[in-house]
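Some notes on the structure that comes next.
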Amino acid sequence: MIDEVVMLRHGRTQYNLQHRLQGQIDVPLDIVGQWQADQSGYALASRFYWAKVNRLATHPESIAQPPAAAAERTDINQYCEAPAAARRMVVISSDLFRAQQTAHAFADLLGLEVTCDARLRERSFGQWEGLTREQIKAIDAEAYASWKRHTGGETRYGVESRAQVGERGAKAVRELIQDPRYADDETSTTMMLVGHGSWITATIANLLELDPDGMNALGGMRNACWCRLKVRHTINGQPADRPLFELEEYNKAPAIADSADWENGPADLRGSSMPDWCPIIW
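So this is what it looks like as structure tokens:
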């Protein structure tokens, strides 16, 4: 049974650095984005180390064994009997490459497979994809202002509304939770979904029944940060009609983000031609 969902946003890309709307354009991580993905991957792999124990207990043939001349063999029973082995994790990524790179930065450390799913793709920005805010404003200042006010002017250009993204994302999450490939009633499971900022924010808002355009809407996600939701399948001991969600963490970053320049990365990763990242100015 899937009783926990973690949503991880991809690391930085050149489009993020340039403040271009990526949407569903396939853009890879830049060097700082790979560093961000790796730092979050290290932090999450440490936190969820039990997932590696579960994988090794489930597939004991993959446990490393010493040469035949060694004094003794690796004790497989230690993995099978460890309480950590009772819980498992599945990792599902958007099929866009930046999300796959971020998923593997975490999953590869624990030896977990990554499954790609197009339902986790970012919000589509239609005709605005690839453009900066300045370019959008020059094309249609009224539509831009409406987008800024959350009154829907962007939809004139084929942009998915926040509500549509949330509905699409929540539908995908609910379907994945019930998917027999991932749902095992006998094993408590964490589902790691690796995707995109707007998709994550809108999806969580829908799952929590928040207005994506209202004053109580969630704030934006930083690159390579994550959210965690508890999934409840019962109410007062009785089966619920559908899973219920409780937000436990939002926009969480690894500890290094508190001491390093998270958006720009370490100085030794930045060549002379790389500009500084700057906050978005509407």
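Quick note, the sequence shown lines up with residues 1095 to 1376 if you use our numbering. Where is the CB? At the ideal position from N, CA and C, for every residue including glycine.
Assignment of Ser1292 by DSSP, reduced to helix, strand and coil, places it in the helix class. Linking Met1101 to Gly1263 through their CA atoms gives a straight-line distance of about 11 Å. Between the alpha carbons of Gln1133 and Gly1224 lies a distance of about 27 Å. According to the DSSP secondary-structure assignment, Lys1324 is paired through a beta bridge with Glu1098, Glu1340.
Judged by DSSP in its simplified three-state form, Ile1350 adopts helix.
Contact between the region 1148-1161 and the region 1244-1260 is not established, with fewer than three Cβ pairs separated by less than 8 Å.
Looking at the backbone, the Cα of Val1099 and that of Gln1194 are separated by about 18 Å. Apart from sequence neighbours up to five positions away, no residue of its chain approaches Ala1349 with a beta-carbon distance below 6 Å. Taking the Cα positions, Ala1163 is about 35 Å away from Met1183. Shown here, Asp1362 sits in a helix according to DSSP, grouped into three states. Pairing Gln1112 with Asp1124 gives a Cβ-Cβ distance that is not under 7 Å. Put simply, the region 1329-1338 does not touch the region 1348-1363. Fewer than three CB pairs are less than 8 Å apart.
Secondary structure of Pro1373 (DSSP, three-state): coil. Straight across, the Cα-Cα distance linking Leu1190 with Ile1170 is about 37 Å. The Cβ-Cβ distance between Glu1343 and Arg1322 falls below 7 Å. Per DSSP, the beta-bridge partners of Ile1329 are Gln1332. In the three-state reduction of the DSSP assignment, Leu1190 falls in the coil class, being assigned neither a helical nor a strand state.
DSSP places Thr1196 within a helical segment (H, G or I) once states are collapsed to three. The beta carbon of Lys1146 sits closer than 7 Å to the beta carbons of Leu1204, Gly1205 from its chain, once the five residues preceding and following it are set aside; these are given in chain order. Annotated three-state conformation of Val1253 is coil, per DSSP.
With contacts defined as CB atoms closer than 7 Å, Leu1338 and Ile1186 fail to qualify as a contacting pair. In this structure, Gly1105 places its C-beta atom within 7 Å of the C-beta atom of Thr1196. Between the region 1231-1243 and the region 1212-1219, the count of Cβ pairs shorter than 8 Å is below three; the stretches do not touch. The C-alpha of Asp1202 lies about 10 Å from the C-alpha of Tyr1136. By the 16-neighbour rule on beta-carbons within 10 angstroms, Tyr1173 is buried. Shown here, Leu1287 sits in a strand according to DSSP, grouped into three states. Ranked by Cα distance from Trp1371, the first of Asn1110, Met1315, Asn1300, Asp1097 is Asn1110. Apart from the 5 residues on each side of it in sequence, Thr1281 sits with its Cβ closer than 6 Å to the Cβ of Arg1182 in its chain, given in chain order.
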